[in-house]
Each structure stands twice: as structure tokens, then as C-alpha cells.
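Before any comments, here is the structure.
There are 2 protein chains.
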Amino acid sequence: MDKKSPIKFTLTERDESVTISKWVYETLRHAVMNGQILPGRALTIRELAGILGVSPMPVREALRQLATENALEIKDNRRVMVPNMTAMKFTELCEARMALESHAASRALPYIDSPKLKTLRELDRLIDAAQEEGDLERINLLNQDFHRALYTANPHQISMPLIESLWLQLGPFLSLASRHLKEHYVIDRHDEAMKAIENKDALALQLAINADIREGIAFVSTPERLHHFIEECAYAGRN
Amino acid sequence: MDKKSPIKFTLTERDESVTISKWVYETLRHAVMNGQILPGRALTIRELAGILGVSPMPVREALRQLATENALEIKDNRRVMVPNMTAMKFTELCEARMALESHAASRALPYIDSPKLKTLRELDRLIDAAQEEGDLERINLLNQDFHRALYTANPHQISMPLIESLWLQLGPFLSLASRHLKEHYVIDRHDEAMKAIENKDALALQLAINADIREGIAFVSTPERLHHFIEECAYAGRN
DNA sequence: CTACTACTTTCGTGATCACAAATACACTCA
DNA sequence: TGAGTGTATTTGTGATCACGAAAGTAGTAG
């Protein structure tokens, strides 16, 4: 039916107590962050509304919200799409991640008590398990949970939304890149972070977080590879 | 007519070429960032639609967008309001500003060429002029322009939206606080920043930006004053 | 004067519709 | 065969309406 490649993303059961708008927003947000919608793919309100089984209205609001957090791009034609990646943009996003996340980590450190430490340890263990099974998507989700749990330990924290905006912008590209790189495996830098947390060593924690971010993107570390994946990325958006 | 205090904010002429949605969004965004809507004030879609002379629909979208950048808060009652400030939140916002903005400044530094330097100097001069006239609102706007011009000199920059989200969250409180403090005057730290830029000294620039942010909020620097303004703030939201 | 209750009003939500702009498509002519 | 052109379709936009939930109001009982 569609000329364009069909869109597929995770559809969760909608809780009756939550508004349709919110459910649509969170569904689409999850799809973008986990790279289920390819960069360059044009999104239409009515098409998404049809897939989700709702009227165009909540979809419109969700798309606008995602555009304000730079997860989507509204072009001059009023077409909505997942933005394409460039080498410089990729660099800026990674650098911003390191600046923001190491800052958030060090400010969360004083609030890490024993139960929170236990939660982090459990997530670390689950990541190890998922890594042995080679379940890339699960590793990704758990990795997000680990970082989120760390930063949100600070009850007054306000940077999590900013960090998630960066994750949203990196998600589609990282997903596409890792899809073309089967042998890609993640080295676990969380052990260093855990040790720094236990020692209440803010500086060591910042270094560990930065190392973790750097390694998480190491598989595109060489400029040639980065360029290669960006072209793959641009090609994927064409059909 | 209204029991609540009337809402007043800057209404710009709407350009025909721009969509109503966008105009409404930018109007409300400007109002929040410059503290024209007090914290705690409940906003209703229909009321704003009446003031702006549009249907409720574009207002709905704008409010949702502003909520996703944490400029507004949608409570469980589905009521929309400007969030109240707390002492810890204020600290976190300022710390985040320093981390993000000093980072953005140093990454923009290599892109500052001679015409851009000239623009910055001109803005600096205008700020000085506005300071002599004691025009607080104008100082604020020009100060934003100065920082924005610096950070966006980097053509690949992606942190400006994140930084503006922080400005949006600080805007209403800072405006309210400075309104209750007539003798408040800003010490100009931009000279140090300009020198650092001319010398291409990234570290000095970061220090100057941090100092500028710190001084910009110095008038609530003591915990007692901060607490005092937060209570003023909470009171203002009640009527 | 205060606390509870029934009623009225107002609110946000979400679907539908009209309209203009943008796109896709088929057709024509070089 | 390929570029240009007209029409038909699809798109986003924005207004309106119906509905259930929340808030405000008035009246009553203690």
C-alpha cells in the first residue's frame, strides 16, 4: 500500500487511566529513542494515527512535542522526519552528553544511599547477563536505565530531561550504525563507575561516566567509519 | 471579570506567513522566559485563546510544547501553571547553566571570527548603555542575546535548546525576585569574556561565563534572601 | 459560623470538518 | 524518450463540537 518502507514500532497496551495524547507521545518517543524509525523517513500525522488507532489530533501534539526536544524535525514543507546525522553533529552530541552526564552524576553522588546502590548493582548485573546473550536492544534499554537511575538519585535534579533529549537525537543513528556492525560488543565501564560511587569519589565517577559514553560510541570512532555510517544513514532515509 | 489576577504579556503583530501555532508558541515562550507570567498562576486554554484571539487548538499545542521543555507544568488535575521555585531547584538550575554554558562557550570559541567578534562587542556596548539607564528588562534581553550569539557561533552547536530550557525555568523566578529588589544592579562580567575570546583562551572564557552566571544571580546569593524570594514567589501564585 | 451536599459552570480531551498548500500522478508535447 | 503541465489526491492547519471530569457556588444542616 505504502510506497515508503512501512513503519514498525513497539505498541504497548494503553492504560485506560492515561490520556491518549500521553500514550501516543510516549509510544513515539520510545520508538525514536530506540531507533525504530529510521532517519530521513517522512512521518505523516494520518498514517501514524492509523497505525495507533487514534484520531490525528493526539498524534499532532505528540509530533510537536518531540520536535521541541529535537527528536524530530519539522521542515519548511511542514513535513516531519527523524533528522539526519552529520559527523560534526554527532561529535557535538557526544561532547554534550559527557559534559551534562558527568555533571549530573557528580551532583547525584551525595544522594546514593545503600538501597540505591543495590539497584545500580542489580542493573549492572542485568547488563552483564544481556551482554552474554548478545541482546543488543536489551543492553541498550538497560544501559539507559542504569544512567537514569544514577542521575535521578538526586531528588532535585533537573538535567534528566536535557540528557534524554540528547539520547533522543543519538538514538536513531546509533541504532542504525550498530545494526550494520554485528561484531560490535560493548565493554563494560560500569564497574569503574560503581567503584567510584562506593568510594564517593566524584572525580573518578565523572571520568568513568565519560569513559562509558566514549566507549559506547567507540564502534564509530574512526572518522572513516563515522562517515560510512552517515552515508548508510542517509541512504536508509531515501526509501 | 476574572477572580485571578489578569494575565498580561507582550503581544507582537502576527506575520501572515507564520502559522498561528508557531506565533502562539513563541508569544507564550517569550512571556514565560521574561517572567511576564507569575509562578503558580493557573493558565487555562480558553482564557489564553481569548487573549490571543485564536481558537483553543493552537494554545493547547503551545502549552504542551512548553511543558515538554519544562517551562510549564501540567499537574494531575490537568491544570497548567508556571512551576514554583525551590531553593534546591534554583541551585541545580544555576549549576546546570554553568556546566552547559561554559561547555557551549568553549566549543564555540574556534568559530568566533572577526565579524562575530564585532557583533559581540556591539551587544556588550548596548548592555552597558542599558545599564546606565537602569532598564532591567532591556538588560535581560540583551544579556540573552549576548550569550545566544556566543554559543550559536558554533554552526554545529546542539546545546542552545537545552540552555534555553534552563533560561525558561529560571525566568519567572528571577524576574519576580529582581522586581522586589530595586537597588539590584548587574556587574558587567562580559569584559572578561570578551578578553578571553580575543585571546582564544578557552579556559579563561569558561571561567568568565561561570562568573557571569554566578553574578547574574548574586542578588539572591544568601540563603536567607533566596528563601525570602521563594516565599514571595509562592505568595504571588496564590492570587 | 462551619462543614457537607447538590447543582451549575468551566475545563481539558479528543473526534470531525473545512480549507489551503503541498505533493503525486497522468497526460501532453517537444 | 524525457521534460513540462494540468488535474487529482493527500497533507497540515485550525475551528467547532460533544463528552466526562474537575472546580466553583449556593444552599442546608449541624
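Protein sequence lines, in the order shown, are assigned to chains A and B.
Our numbering numbers the first residue of the first sequence as 69 and each following residue consecutively.
Our numbering numbers the first residue of the second sequence as 69 and each following residue consecutively.
Heads up, the beta-carbon is just placed ideally off N, CA and C, and yes, glycines get one too.
- Between residue 224/A and residue 167/B a beta carbon distance of about 15 angstroms is seen, past the 8 angstroms cut, so the two are scored as non-contacting.
- Selection 189/A, 141/A, 126/A and 219/A evaluated against residue 153/A yields 141/A as nearest (Cα-Cα).
- In this model, residue 236/B and residue 130/B are separated by some 14 angstroms (Cα to Cα).
- For the C-beta of residue 278/A, not a single chain B residue is nearer than 7 angstroms; the gap to the nearest is close to 12 angstroms.
- Within chain B, the residues placing a beta-carbon under 7 angstroms from that of residue 136/A are 133, 136 and 137, ordered along the chain.
- By a beta-carbon distance limit of 8 angstroms, residue 105/A contacts residue 150/A. Their separation comes to about 5 angstroms.
- Taking the C-beta atoms as reference points, residue 169/B is found no nearer than 8 angstroms to residue 98/B.
- Secondary structure at residue 86/B: coil, using DSSP grouped into helix, strand and coil.
- As computed with DSSP, residue 149/A is found in a beta bridge with 110/A and 141/A.
- By the Cβ neighbour-count rule, residue 103/B is buried, with 16 or more other Cβ atoms within 10 Å of its own.
- Rounded to the nearest whole angstrom, the C-alpha separation of residue 286/B and residue 297/B is 13 angstroms.
- Using beta-carbon distances, residue 124/A does not count as an interface residue toward chain B, since no partner is under 8 angstroms.
- Taking all protein chains in view, the Cβ of residue 294/B is crowded by 16 or more other Cβ atoms within 10 Å, so the residue is classified as buried.
- If you check each beta-carbon in the segment 155–166 of chain B against every beta-carbon of chain A, the ones closer than 8 angstroms belong to 156, 157, 159, 160, 161, 163 and 164.
- Proximity of chain B to residue 129/A at the Cβ level (cut-off 9 angstroms) is accounted for by 128, 129, 132 and 133, in chain order.
- Among the residues of chain B, those whose CB is under 7 angstroms from the CB of residue 229/A are 138, following chain order.
- For residue 214/A, the enclosing alpha helix (DSSP H) begins and ends at 204–219.
- The shortest CA-to-CA distance from residue 90/B to any of 126/B, 80/B and 109/B is the one to 126/B.
- Classified as exposed, residue 271/A has fewer than 16 neighbouring CB atoms from the shown chains inside 10 Å of its CB.
- Here residue 242/B is actually not in contact with residue 107/B; their C-beta atoms are around 11 angstroms apart, not less than 8 angstroms.
- At least 8 angstroms separates the CB of residue 282/B from every CB of chain A.
- In this model, residue 77/B and residue 239/B are separated by some 14 angstroms (Cα to Cα).
- Per DSSP, residue 171/A is one residue of the alpha helix (DSSP H) stretching across 155–176.
- From the listed residues 274/A, 84/A and 93/A, the smallest Cα separation to residue 128/A is found for 93/A.
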